[in-house]
Amino acid sequence: MANMLILEKLESVEARYNEIAKLLADPSVISDMDKYVKLNKEYKDLEPIIEAFKEYKILIRNIEEAKEILSIEKDEEMREMAKSELDDLLPKVEPLEEKIKILLIPKDPEDDKNAIVEIRAGTGGDEASLFAGELLKMYIKFCEKRGWKTEITRAMEGTVGGYKEVVMNVTGTGVYGILKYESGVHRVQRVPQTETQGRVHTSAATVAVLPEADEVDIKINPNDIKRDEFCSSGPGGQSVNTTYSAIRLTHIPTGIVVTCQDEKSKLKNLEIAMKELRTRLYNLEYQKQMDEIAKKRRTMVSTGDRSAKIRTYNFPQGRVTDHRINYTAYNLPAFMNGEIDELLDQLIMAENMERLKESE
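Under this note's numbering, the letters of the sequence shown match residues 3 to 362, in that order.
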């Protein structure tokens, strides 16, 4: 009855789970904080699989017991009860096995990280900047519903509103694993306010979602960083424009430049700038891995490719279309209000199916 291949994998996971439990109680591991944190994370990641394994074992045992009753029992009432139980239990096996197969797919270790979201206006001039601003509001509302914290760390406003470029930190549980599907080109079709003849224009904005790098993920040689301090510009009061609190960091080997001027504190700006620099350097290597994975798949839901056109927002029709999975919904106002959960669930499901085919 039980799928022996699944059982073998589950037993292997259970052995590792029990091994980690012992290690976490080992004083030598407890004293090594980096090792303890990694093992504790692995332990928690395995918990859903262990719970599913327990459920699977109970289900298989109950089925076998019901079958045994049918094979030896003469009493009709007992046989009917066993048949009824089998009718109830057997349909549960396949869905649970599919759930376990997905749980057994190696998880992207980046999925649990916080994220840096970068939105840039693309083709379309002022209209593109306005759309970039609307995308930012959409993501902020989505994050608020999830209980995630958002912090805008860099912003370059458009001439008539919106943003030419805006960078936001998002902190919470499993942020990158959900927001990573937003990387790519977002296209908008609508009649701009300045259009006198009612013609629909097409504009675009680019979204990049990067997994935030911790200090343990990447070490930066201080000698490789050129640091500049300058006066902040923009809102924030008189002190913003008279104090050298803004920070610009240039990573000499790669040429990556990050700036932060949103805080009045120089130390705070430096901390935010270093966090972004670490993330951008880490993402260079991570993107290489993603590109290699993308080459092996016919379709790739989450490549992080900024040049790929992933979605169209058609305002005259109230339609949003995701081109990766041919998803279309006519709920654009709600979507722009941060209600993007349904589409993200569909994208996660599509990628899980892709990865499941790979593993088989």
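No residue lacks a Cβ here, since even glycine has one placed at the ideal position from N, Cα and C.
- Per DSSP, P111 lies in no beta strand (DSSP E) and is assigned neither H nor E.
- If you draw a straight line from the Cα of G179 to the Cα of K56, it is about 26 Å long.
- Annotated three-state conformation of F337 is helix, per DSSP.
- Assigned with DSSP and collapsed to three states, E79 falls in helix.
- Comparing alpha carbon positions, the residue from S205, D324, K359 closest to D347 is D324.
- Bounds of the alpha helix (DSSP H) holding E44 are 35–74.
- If you compare the alpha carbons of S131, P111, V119 with that of S205, the shortest gap goes to S131.
- Separation of the CB atoms of Y284 and A215 is rounded to 4 Å, and the pair is thereby assigned contact status at 8 Å.
- When only Cα atoms are considered, T314 and V322 end up about 6 Å apart.
- Where S205 is concerned, the enclosing beta strand (DSSP E) starts and stops at 203–213.
- For the set I8, I274, M170, the Cα lying nearest the Cα of K59 is the one of I8.
- Taking each of L12, Y183, L91, A310 in turn and checking the Cα distance to I350, the smallest one comes out for Y183.
- Distance from the CA of D34 to the CA of K46, rounded to the nearest whole angstrom, comes to 18 Å.
- Per the C-alpha coordinates, the member of F317, E53, E341, K37 positioned closest to Y19 is E53.
- Just measuring C-alpha positions, the residue of F232, G164, N116 sitting nearest E278 is N116.
- With respect to the 8 Å criterion, L98 and L61 are classified as neighbours on the basis of their beta carbons.
- Contact between I65 and V15 does not hold, since the beta-carbon distance rounds to 22 Å and is not under 8 Å.
- Below 8 Å, enough C-beta pairs join the region 122–138 and the region 159–172 to call them touching: three or more.
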